[in-house]
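Enquirer: Once you've had a glance at the structure underneath, I'll fire off some questions.
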Amino acid sequence: MQCISSTEKALQSISSEIIVVDNNSQDESCQWVKTHFPNVQLIQNKENLGFSKGNNIGVNIAKGKYICLLNPDTIVGENVFSCLLNFAEQHQDLGIVAPQLIDGTGNFLPESKRNIPTPKIAFQKLLKINKNYYSKLAEEETGKVDILVGAFMLMQKSKYKAVGMLDEDYFMYGEDIDLSYKFLKAGYQNYYIGSQKVLHYKGESTLKDKKYRERFYGAMDIFYQKHFQRARILNPLIKLLLQLAKFLHAKTPTKNKTVNCKEIYWVSDRPVLERISNKLKKEIIHISRDELNKLEIKNSQLIFDAKSMEYQEIFSIMTNLKINQNYFRIKPVNFNFTVGSDDSRSQGSVLNFDY
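Sequential numbering from 1 applies to the sequence shown in full-length UniProt numbering.
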């Protein structure tokens, strides 16, 4: 819901449409969209068709010159679309353009900008050598990169269709790498805009995650078959390394993150909402945005009120306060819940106080 709400806000001055493609969700997501966002065009697939096919269905009915592929577990800043669209209009060689992604703790997500994952680089990643997997462009810089992440991709619809759209041979993972590479092969440049931030709650999974590991290397196998014909001779080696990876990562236990907050702050121009206080059963300290800049806050949880703050301001505060072991929640406009994530590998948490 925060994704759609923040997107509507960011598009207020831009002629646009929002298309939501649902891949047969088993919860109440579709009803929520119908109830709270009546202007959104909702497509309900009767089965999970995968990331690529779902996005392509949406693109095929889109009317605009530009399209933006956007994950539902994101929140966008108020200026991100206007900034990226202006950049796109000024760069005729543009393939895809994307912003900086941060996770729910305010940390930069390095998958925002990557290099082409050649077989050599993929093997290095397997061995936890990531220096060549991610682009060396600085986090806040703007510049050309090879590979962008599928959580947010903005491009011209005509170019997207000309390069073949998202390849539906990929069900999950790898399709963004494939699309970025197809734009490069077609002679376009992909650009990263570090000054613009988008919050992506679920960051790139760890190779300790068995399902992710299998999907990642399965996707890499498809990628090599399509774009690196000579890599076919490496298939036996790839399978051997996968077996080695399963053994190595099975020996490394994944620790759950324990969060202990000393204080809880309500960051808003409005008084603390009694419902949140009652739900948490803890004292909540009200603090204004001006006061926030004067205090040294550590080991605390901050609940941001999106009704009195812009999302891009919230992202900036999260980035600045992350070093002090602080954790963050956001209450979206017109909804009685807070949402946040204390680890990019987790699904995050939602606190519903609508009672």
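Yeah, the Cβ is synthetic: ideal placement off N, Cα and C, and Gly gets one too.
In this text, all values refer to a predicted model and were calculated from it rather than measured experimentally.
Along the chain, where does the beta strand (DSSP E) containing residue 304 start, and where does it finish?
Expert: It spans 300-305 - the beta strand (DSSP E) in which residue 304 sits, taken as one unbroken run.
Enquirer: Could you compute how far the alpha carbon of residue 2 sits from the alpha carbon of residue 182?
Expert: The alpha-carbon atoms of residue 2 and residue 182 are separated by roughly 31 angstroms.
Enquirer: For residue 358 and residue 42, which I take to be in contact (beta-carbon distance under 8 angstroms), what is that distance rounded to the nearest angstrom?
Expert: Given a span of 1 to 355 for the chain in the structure shown, any question on residue 358 remains unanswerable.
Enquirer: Would you mind stating whether residue 319 and residue 330 have Cβ atoms separated by less than 8 angstroms?
Expert: No.
Enquirer: For residue 83, collect the residues of the same chain with a Cβ closer than 7 angstroms to its Cβ; drop the 5 residues on either side in sequence, then sort them by chain order.
Expert: Correct list, in chain order: 193 and 196.
Enquirer: Report yes if the C-beta distance between residue 267 and residue 302 is below 8 angstroms; otherwise report no.
Expert: For residue 267 and residue 302, yes; Cβs fall inside 8 angstroms.
Enquirer: If I follow the unbroken alpha helix (DSSP H) through residue 279, where does it start and stop?
Expert: 274-280 is the span of the alpha helix (DSSP H), which, as asked, contains residue 279.
Enquirer: Measure the beta-carbon distance from residue 265 to residue 219 and round it to whole angstroms, keeping in mind my assumption that it falls under 8 angstroms.
Expert: With 8 angstroms as the limit, residue 265 and residue 219 do not qualify as a contact, their Cβ atoms being about 41 angstroms apart.
Enquirer: Should the stretch 57-75 be called in touch with the stretch 151-165, which here means at least 3 C-beta pairs below 8 angstroms?
Expert: The stretch 57-75 is in contact with the stretch 151-165.
Enquirer: Could you check which residue in 39, 28 and 26 has the C-alpha nearest to that of residue 19?
Expert: Measuring from the Cα of residue 19, the nearest candidate turns out to be 39.
Enquirer: So, at 8 angstroms on beta carbons, what are the nonlocal neighbours of residue 283 in its own chain, with the 5 sequence-adjacent residues on each side left out?
Expert: Cβ neighbours of residue 283 beyond the five flanking positions: 264 and 277.
Enquirer: Which parts of the stretch 124-209 are runs of the beta strand (DSSP E), unbroken and 3 residues or longer, counting only runs that do not cross its ends?
Expert: Correct list: 142-145, 152-156 and 189-200.
Enquirer: Please report the residue range of the alpha helix (DSSP H) in which residue 2 lies.
Expert: Segment 2-10, the alpha helix (DSSP H) holding residue 2.
Enquirer: Pull up the distance between the alpha-carbon of residue 119 and that of residue 135, whole angstroms please.
Expert: So the two alpha carbons sit approximately 16 angstroms from each other.
Enquirer: Quick one: give me the first and last residue of the beta strand (DSSP E) that residue 22 is part of.
Expert: Segment 19-23, the beta strand (DSSP E) holding residue 22.
Enquirer: To the nearest angstrom, report how far apart residue 207 and residue 199 are at their CA atoms.
Expert: Residue confidence is low: residue 207 scores 49 on pLDDT, short of 50, so the model does not pin down where it sits. Its coordinate-derived value is still stated next. The straight-line gap from Cα to Cα measures roughly 22 angstroms.
Enquirer: By how many angstroms is the C-alpha of residue 226 removed from the C-alpha of residue 32?
Expert: For residue 32 and residue 226, the distance between alpha carbons rounds to 40 angstroms.
Enquirer: How far does the alpha helix (DSSP H) with residue 409 in it extend, from its first residue to its last?
Expert: This structure gives no information on residue 409, because the portion of the chain shown stretches from 1 to 355.
Enquirer: Strictly by DSSP, which residues pair up with residue 328?
Expert: According to DSSP, which records beta bridges pairwise, residue 328 is partnered with 302.
Enquirer: Residue 286 by DSSP, collapsed to three states: which one?
Expert: Looking at residue 286 - three-state DSSP - the assignment turns out to be strand.
Enquirer: Counting beta carbon pairs with one atom in the stretch 156-166 and one in the stretch 128-144, are three or more of them shorter than 8 angstroms?
Expert: With a cut-off of 8 angstroms, the stretch 156-166 and the stretch 128-144 do not count as touching, because too few Cβ pairs lie within range.
Enquirer: Going by DSSP, what residues sit across from residue 99 in a beta bridge?
Expert: DSSP lists 193 as partners of residue 99.
Enquirer: Among residues of its own chain, excluding the 5 on either side of residue 216, which ones have a beta-carbon nearer than 6 angstroms to its beta-carbon?
Expert: Excluding positions up to five away in sequence, the list reads 173.
Enquirer: So is residue 356 buried or exposed if we call it buried at 16+ other beta carbons inside 10 Å?
Expert: The requested residue 356 does not occur in the structure, where the chain is confined to residues 1 to 355.
Enquirer: Identify, in the order they occur along the chain, each residue of the same chain with its Cβ nearer than 7 angstroms to the Cβ of residue 313, setting aside the five sequence neighbours on each side.
Expert: Correct list: empty, nothing qualifies.
Enquirer: Looking at the unbroken beta strand (DSSP E) that takes in residue 54, where does it start and where does it end?
Expert: Not the beta strand (DSSP E): residue 54 falls in the alpha helix (DSSP H), residues 51-61.
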